[in-house]
Each structure stands twice: as C-alpha cells, then as structure tokens.
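In what follows, a structure is listed as structure tokens, so that the remarks can point back to it.
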Amino acid sequence: MSAIAGLWRFDGRPEPAADCARMLASQEIYGPHDLRQWSEGPLAMGRRLFRTLPEDVHDRQPLQSRDGNLTLVADVRLNNRDELTAALGMAPDHARQSCDAAILLECLARWGEAALDRLSGDFAFALWDARGQRLLLARDFRGQRPLHYHRGHGFFAFASMPKGLHALAEIPREPDERAVCELLTLMPQHGTRSFFKNIERVESASCVAVTRDGVSIRRYWNPQRSSAPRRKTEDYVEGLRHHLDQATQSMLRGANGAVGSHLSAGFDSSAVTATAARLLAPSGGKVVAFTSVPREGYDGADMRNRFGDEGPLAAATAAMYPNIEHVLIRSGHLSPLDGLDRQFFLYDRPVLNPCNMVWSDAINQAARTRKLTVMLNGQMGNMTVSYSGLPLLPELLRAGRLFQLWRTGSQLVAHSGMRWRGVFANTFGPFLPVALWQWLNTTFTGATWDISEYTAIRKERAANLAALAHERDLDFGYRPWADGFAMRLWVMRRMDIGNFNKGALAGWGVDRRDPLADKRLVEYCLSIPTNVYLDGGVQRAGLVADRDHRR
71 MSAIAGLWRF DGRPEPAADC ARMLASQEIY GPHDLRQWSE GPLAMGRRLF RTLPEDVHDR
131 QPLQSRDGNL TLVADVRLNN RDELTAALGM APDHARQSCD AAILLECLAR WGEAALDRLS
191 GDFAFALWDA RGQRLLLARD FRGQRPLHYH RGHGFFAFAS MPKGLHALAE IPREPDERAV
251 CELLTLMPQH GTRSFFKNIE RVESASCVAV TRDGVSIRRY WNPQRSSAPR RKTEDYVEGL
311 RHHLDQATQS MLRGANGAVG SHLSAGFDSS AVTATAARLL APSGGKVVAF TSVPREGYDG
371 ADMRNRFGDE GPLAAATAAM YPNIEHVLIR SGHLSPLDGL DRQFFLYDRP VLNPCNMVWS
431 DAINQAARTR KLTVMLNGQM GNMTVSYSGL PLLPELLRAG RLFQLWRTGS QLVAHSGMRW
491 RGVFANTFGP FLPVALWQWL NTTFTGATWD ISEYTAIRKE RAANLAALAH ERDLDFGYRP
551 WADGFAMRLW VMRRMDIGNF NKGALAGWGV DRRDPLADKR LVEYCLSIPT NVYLDGGVQR
611 AGLVADRDHR R
C-alpha cells in the first residue's frame, strides 16, 4: 500500500515541493518504508510506501511514462496482473520486476481512461498529463483505497487521507457537521462530502478530472443487467467456484504462506477461509482463522433465528482443514469508548459502530502478535455469493407471475423456516407507503421508528435530515426493495471503507482484503438470475449447493 499526495498551484506562488513534503510527512504512519517525491513547476506529487507485496521492492514512484508526458502516483494492488501484462505484451521477466503501479501506468498510457474498465483490484491514483495540463484522480469500483481532495483559491490538493490535506495551512481542520449528522442517522454516504469541511472524497468507481478551469466527475463502473439466457444451476455453481478460487488466489499474494481470516458462523467468511486453506495446502501454507466469541461465562438468551456464540459452528468449519488454526477472540471486557481517540487518528473519520470495533481491533491485534500481514474477510458476501434472492418475491408480483409467487412463498415457509408474515412483508412491503409500512411494523413487531431511540441527535436536526432522506428516496423504515439488482448496487456504494483499510494497515500492519469484493466475482454474481439464488425455497441456493457438493 501507499499513501499519496500532491499539490497543483495556479496562483503563481513558489514551487509546491515543500508543501507536498509536509503532506507526505503527515501520512508517515500509512507508508513508513519509503518516501519519494517529484515536482515540476507548479505541481508536486509523491508517495509513501508500506510494503505488502513481493513486487514492492521494485516500487520507485512517482513514475513517468516513456515519453515523459504522464506522471503517476498510485496506491494499488492489482488482482489481474497476469491478464494485464499479457494484454500489454510485457515480457515475463519485465513483468516480474514491475510493481503494480508500473503496470497501472502502462495500462493508462496504452488505453487511457478506458484502462479503468480492465482493472480488477484495489486502487486510488493520481495521473498528471503534462501536455493536456490535466490531473486525473480515480478509485476502484468498491473504494477499497481512500483518496481525498480540496479545491482552494488558486490551488488543488489531493491526499490519501484527510490528515495529508490538513498539513496545508490553507485547509483548516473543521468537521462537516451535516455529514456527521447523516452518519448518526445511519444515512449512507452521498456525493463527494467527507467528514471534514472543504475536503471531498473521490467516490468509489469514479474518476475526477482537474484542469485550471474546473473539476468534472464521472462514474466509470455502471454494470448492466444480464440478458443472457439462463443456464443450468450447476453451471452457475461451477462458475461461482471458479471466480471465488480466482479472487482468493489473487489476494494471497504477499502473505508468505500464512494468512489471517475472519471466520464467523456464516457462509461468507466460511467460504473465504475454506477456499484459502485449500489453495494454500499444496505449498504447506496455513490460515489463522479468528472468531469473536462472548466472554467466559456468558449465558444470555439468543434472539429468534439468531445465536450469540458463533464459536462452535466456526470451529466445525476450521476442523475440516488441517492447515487452519482456529483462534477465539474474547473482547467482552473492553469498552467501546477506550479506542475512540486512536480509531479517529487512524481512520480520519468517525466509526459507525464502536461496539463492533472492539472485537475487530482485538482481531487485528491478535494478527499482529502472530506477525500476519494479510487478513481476509467476506464483507461483500451478502451482495454476491450469499445473496438471499428474496427480492424475487416482489419481482414475481410485479410481473404478474402469481402462481410461481405462491409456490415460492410456500417453499420458503416449508424449507427456510420463514413465516407467512415474512413472505407477505417481502412481497408487498416494497410497494407500501412508508407510513403504512412503519405502522404495520410497529403493530406486529413492536418496532419503533423514532430516531431518538438510537441516536442523541437534536430533533430539529433529525427533521431536516428526514426531508433530505426523502429527497434521496431513502426511508428510515427500511422497506424491502422491489428491485434486487438496484438494491445490490446501492449497498455496494453506501459505505466508504477505504479509510478503515488504510487505518488497519497503519495501526496493526494488517492489509485487509475481501475476495468477495473482487470485481470479476461481483460482476459474475450480478449476472446470475435472481431465481438461482432463491431456488426451491432455499435462500443462497447456489452457495448451499456448492457447499453440499464438496463435503
């Protein structure tokens, strides 16, 4: 990983090299291993390196194209290196001695912005075009690496983290109160606002083009619904296995034979952990799987359809592979308040759920103790490999396929333990007015939608945010969606995780990687018809079939 920064002055002030150096110095915790900088006239760019990949020994950023026109600083890990170097016609020896940023620069020099469609991996970069006097900033489709910027009077500045921009005297350190209020009401991040005043973020799947005349923003990743004819379910299952293997294998790079993994009792982390163990076994590698469990002596009652201790089921998964070391993490004695200051320093933003950060930080610390540098997770699983398929119900209703709707609902009740009330809620809920949906939930479940029940935000602020949510077609009642494809894309964009990934690396030396957020796997899963996910009353049917087949 790298922390990058740059400054472009339009106002004729002295060369910006010294200011850029301060921006890089303020981000030292994100890149302690190497520091390099480049400047020419009114522009300066640089990067700090945190070595996480074998090819990082060849990283000499900032890099320039052969003709000297393009200059690049990048925070990047490419999942499809081999595919890209083959398309570029790079000799194998040359490719092996090229860092990921060098391959990225070759792609941008060859294909321009169209290269973004070819990339699979985590990246945030800035590319200077000297002839066009144009600066291009971009992030990967999921936003795994952070990138922020400031548009000032007579200058433009960018940095991986906000603290890099706050190193400049012209940018005061002030909160963006509206963004913080939106977070407190669980509204998803929207637009380019960060949590700091006058600091913007490059959104995921977007590129920002900067010239002396202004800034333009373009979203480059806009997947379309598949129109391909349906295949056999077993074909989709085999395709899923191929993409999961491919994604997991690419994210083992730099793990040096031992990788950490989050392991819950759910499908997603189990699929990632088991796949990593199988792929590492031939070379003698191992997986250290971490499971957060309750404190010793906990005997609290579980909620309906929930269990409070994921340890036993996680242990059953770990026991299937001799090269998995299963580690239980008990962090119940820690307070969520104890880590707030450190978390804010590392992440440069407030955390959404401090309670979850307790066990997450404890796992990071346990990984650091074991000298693990790569940590796998399955955060994007609910929208990819283990997508429930429940939006099939309103899709069938809207299409007038009432017999199939009745049959699917009956199968859900018979095989998945869902009540008819749940079937009706998922079928008709998307089409109900918000007020009626909230009334029904309060009547039948006792749920309340008073925002003061879960946040201390002032009521006048809450009222303003409710109006803002209405403008964005959001509701605090969380109705089911009528369109599963649109819902999955929305979920992928609703949370910016780049700062958290960067902070985990700085705080514990742990590079967090999610195979289920690999672009190739995501696009494959989006192409699968909804009725393959919800088949015969079984939710996540494809993943269940793969699991049962391989036992």
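Each number in our numbering corresponds to the 1-based position in the sequence shown with 70 added. Beta carbons are placed, not taken as given, at the ideal position from N, Cα and C, and that holds for glycine.
Where do the ends of the beta strand (DSSP E) carrying residue i lie?
i    : result
G191 : 191 to 199
N362 : Contrary to the premise, residue 362 reads as Ser rather than Asn in this sequence. Where S362 is concerned, the enclosing beta strand (DSSP E) stretches over 356 to 363.
M115 : 113 to 119
S72  : 72 to 79
L398 : 394 to 400
M445 : 444 to 446
T141 : 140 to 148
H128 : Looking at the DSSP string, H128 is not in any beta strand (DSSP E), and its letter there is neither H nor E.
V428 : Element bounds for V428: not the beta strand (DSSP E) but the alpha helix (DSSP H), 424 to 439.
D152 : Where D152 is concerned, there is no enclosing beta strand (DSSP E), although the alpha helix (DSSP H) it sits in stretches over 151 to 158.
R221 : 218 to 222
Residue i to residue j, Cα distance in whole Å?
i    : j    : result
A185 : I74  : 20 Å
S168 : E270 : 32 Å
A196 : F211 : 16 Å
G487 : G402 : 31 Å
Y603 : S109 : 52 Å
V561 : G111 : 43 Å
G82  : G191 : 38 Å
A437 : R419 : 23 Å
T600 : R151 : 31 Å
P424 : S430 : 10 Å
Q107 : R117 : 7 Å
I433 : I399 : 7 Å
A517 : T525 : 15 Å
D170 : A249 : 34 Å
A88  : K572 : 24 Å
V608 : L383 : 20 Å
S405 : V421 : 14 Å
Using three-state DSSP, classify residue i as helix, strand or coil.
i    : result
D581 : strand
F377 : coil
E273 : coil
R620 : Here R620 scores only 47 on pLDDT, less than 50, and its place in the model is too uncertain to base an answer on.
S168 : coil
M565 : coil
I99  : helix
G327 : coil
F514 : helix
C414 : Note on identity: in this sequence residue 414 is Phe, with Cys being the wrong assignment. Note: F414 maps to helix in three-state DSSP.
R83  : coil
F337 : helix
D104 : strand
Q508 : helix
R558 : helix
L133 : strand
F494 : helix
V455 : coil
D89  : helix
D408 : coil
V421 : coil
How far does the alpha helix (DSSP H) with residue i in it reach, from first residue to last?
i    : result
S320 : 303 to 320
L207 : Per DSSP, L207 belongs to no alpha helix (DSSP H); it is in the beta strand (DSSP E), 204 to 209.
F226 : Careful: F226 lies outside any alpha helix (DSSP H), inside the beta strand (DSSP E) at 225 to 229.
E593 : 589 to 596
L254 : 247 to 254
W476 : 472 to 485
H540 : 529 to 541
K233 : 232 to 235
P464 : 462 to 468
Whole-angstrom Cβ separation of residue i and residue j, contact assumed at under 8 Å?
i    : j    : result
P574 : R582 : The question names Pro, yet the displayed sequence has Ala at residue 574. That pair is a contact at about 5 Å.
T443 : T155 : Going by Cβ atoms, the distance from T443 to T155 rounds to 24 Å, so no, they are not a contact pair.
S334 : E380 : 5 Å
D199 : N139 : 7 Å
In this structure, what does DSSP give as the bridge partners for residue i?
i    : result
Y391 : Partner(s): none; Y391 has no beta bridge.
T281 : G284
D187 : BP columns for D187 are empty, so no partner.
S109 : A114
V608 : D605
F266 : P245
A289 : The sequence shown places Arg at residue 289, not Ala. DSSP, once it has assigned bridges, lists S276 as partnering R289.
H332 : F360
Step through the CB atoms of chain B and report whether any lies within less than 8 Å of the CB of residue i.
i    : result
E530 : No chain B appears in the structure shown, which is made up of a single protein chain.
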